[in-house]
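Numbering of the sequence shown is given in the working numbering, commencing with residue 391 and proceeding in unit increments.
We treat Cβ as the ideally placed atom computed from N, Cα and C, and that holds for glycine.
Source: prediction; values computed, not measured.
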Amino acid sequence: MRTYGGGVTTTAPISDAALLREHGLRVTAGRLAVLSALGRSPHVDAETIRQRLGHAAPSLQAVHNILADLTEAGLVRRFEPARSPARYERRVGDNHHHAVCRRCGEVFDVECVVGEAPCMSGPTPSGFAVETAELIFWGVCAACAAQG
Ligand SMILES: [Zn+2]
Ligand SMILES: [Zn+2]
391 MRTYGGGVTT TAPISDAALL REHGLRVTAG RLAVLSALGR SPHVDAETIR
441 QRLGHAAPSL QAVHNILADL TEAGLVRRFE PARSPARYER RVGDNHHHAV
491 CRRCGEVFDV ECVVGEAPCM SGPTPSGFAV ETAELIFWGV CAACAAQG
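Right under this line is the structure:
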């Protein structure tokens with residue numbers, strides 16, 4: 391179990407290469423680079439990741455392919471705010487939510503209210519088993535609000 395944000399970590403950090411192998415993915419330079427870029431800056435889209443990787447970056451299509459593989463393997467979480475390209479992050483498996491600033495587009499993590507998925511109960515179709523709930527809060531971030 392890996393924890394985030396000041397939690398107690400009971401196991402040694404796993405290297406990204408080991409993580410890829412653990413999830414049945416071949417270790418490639420492209421996958422390692424994308425994982426590392428996402429570790430430094432979460433909630434970014436494919437184009438931003440490619441820019442962060444500099445001139446050594448794979449093509450945008452390659453970055454999309456890598457992100458699709460990582461998402462399918464459960465190493466990366468994908469979410470799609472309205473009117474925005476899909477964003478990616480490495481914080482997976484905790485069903486946290488997001489707050490998006492309408493002005494600058496910055497994305498903030500919002501902790502799960504209950505602490506475990508699906509963390510929201512609502513009217514669901516009869517017999518429907520809810521596994522996760524995705525919630526996006528829209529508003530204005532503190533920095534933008536300070537600018538008036
Ligand atoms: Zn803002
Ligand atoms: Zn997040």
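Proximal residues to residue i (C-beta, below 7 angstroms), its chain only, five neighbours per side dropped
i      : result
Ala427 : Ile439, Arg442, Leu443
Arg493 : Val530, Cys534
Arg501 : What sits at residue 501 in the sequence shown is Glu, not Arg. Cβ neighbours of Glu501 beyond the five flanking positions: His486.
Thr514 : Val520
C-beta atoms of residue i and residue j nearer than 8 angstroms
i      : j      : result
Val497 : Arg481 : no
Ile456 : Val424 : yes
His454 : Ala436 : yes
Leu422 : Ala463 : no
Val526 : His486 : The sequence given here has Ile at residue 526, not Val. No, these two residues do not count as a Cβ contact at 8 angstroms.
Ser474 : Gly495 : yes
Gly420 : Ala452 : yes
Heavy atom of ligand 4 within 7 angstroms of residue i beta-carbon
i      : result
Val530 : Within the structure as shown, ligand 4 is missing, the only ligands being ligand 1 and ligand 2.
Buried or exposed by the 16-neighbour rule on C-beta atoms within 10 Å, applied to residue i
i      : result
His445 : exposed
Glu412 : exposed
Trp528 : exposed
Glu479 : buried
Val490 : buried
Val434 : buried
Leu450 : exposed
Start and end residues, beta strand (DSSP E) containing residue i
i      : result
Arg467 : 467-469
Ser499 : Sequence check: residue 499 is Asp here, not Ser. Residues 497-500.
Ile526 : 526-529
Val490 : 487-491
Arg477 : 477-479
6 angstroms Cβ shell around residue i - same chain, five flanking residues per side excluded
i      : result
Glu470 : Ala476
Ala447 : Arg440
Alpha helix (DSSP H) segment containing residue i, residue limits
i      : result
Glu521 : It is not in any alpha helix (DSSP H) - Glu521 carries neither H nor E in the DSSP assignment.
Arg416 : Run containing Arg416: none; DSSP gives neither H nor E here.
Arg442 : 436-442
Asp459 : 450-462
Other residues of its chain near residue i: CB distance less than 8 angstroms, five sequence neighbours each side excluded
i      : result
Thr461 : Arg467, Arg468, Tyr478
Leu465 : Leu409, Leu410, His413, Leu415, Leu425, Arg480, Val482
Asp459 : Leu415, Arg421
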